[in-house]
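**Q**
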Amino acid sequence: MSNLIAKRYVKALVKNRDINHIAKINEQLQFIASAYGDIKFLDIINSIDVTTYKKVDLLLSFIGSDNDYLVNNLLILLGQNRRLLLVPSIAIELNKQYAVLINQYSGNVYSNVTLSSNYLIDVQNKLASKFGVNLKLTNIVCEYDGIKVDIDGLGVEIGFEKNKFKSQMIEHILKAV
């Protein structure tokens, strides 16, 4: 539910704005959203003893006097509607929209071993040229028995699993016999 509300706010923020203005808004909202990881900060935001004005003022103090008027107005509006907890969701959604606008995506490569940087760059370049985007891949070592590439913003997931390959190979041999 909060994602749908966040998408509406982001749609209003992005509409009829140039890319530089969106970049500035994105940077400021990402910085503000990073504060939501602190438990003491969340206690202040959730507190009924602190006025909405002071909560909004606290959020705006994080970015100083260089705050964008849209960020200022957004935080005031969110405060008035008691939706300050939506700031991280709005920041995530705005970051996704910004990535689409600048054609920059990031993805993860899951494997059970650490991949060499040359191999990772090679895969990154091939996928970037295949999809016509700027791409940054990071290697995540996990229990996955194979290799899987997940590019979230593009909705792409490519995987190769050893067990599945073995079972398909056995199946193919049995059909041939």
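Quick note: my numbering has the sequence shown finishing at residue 177, numbered continuously throughout.
Ideal placement from N, C-alpha and C gives every residue a C-beta, glycine not left out.
Predicted model only: the values in this text are computed from it and were never measured.
1. Would you identify the three-state DSSP class for G146, choosing helix, strand or coil?
2. Would L86 pass as a contact of A6 if the rule is Cβ separation under 8 Å?
3. Who are the near neighbours of N163 in its chain, counting only those whose CB is closer than 7 Å to its CB and skipping five residues on each side?
4. Whose C-beta lies closer than 7 Å to the C-beta of V178 among residues of the same chain, with five residues either side of it excluded?
5. By Cβ distance, which residues of its chain are closer than 7 Å to L70, with the 5 residues on each side in sequence left out?
6. Note down the Cα distance separating T114 from L120, rounded to an integer number of angstroms.
7. Which same chain residues end up closer than 7 Å to N67 when comparing Cβ atoms and leaving out the 5 residues on each side of it in sequence?
**A** According to the structure data:
1. strand
2. yes
3. D145
4. The chain is shown from 1 up to 177; residue 178 falls before or after that span and cannot be answered.
5. L13 and I25
6. 10 Å
7. Q28 and L60
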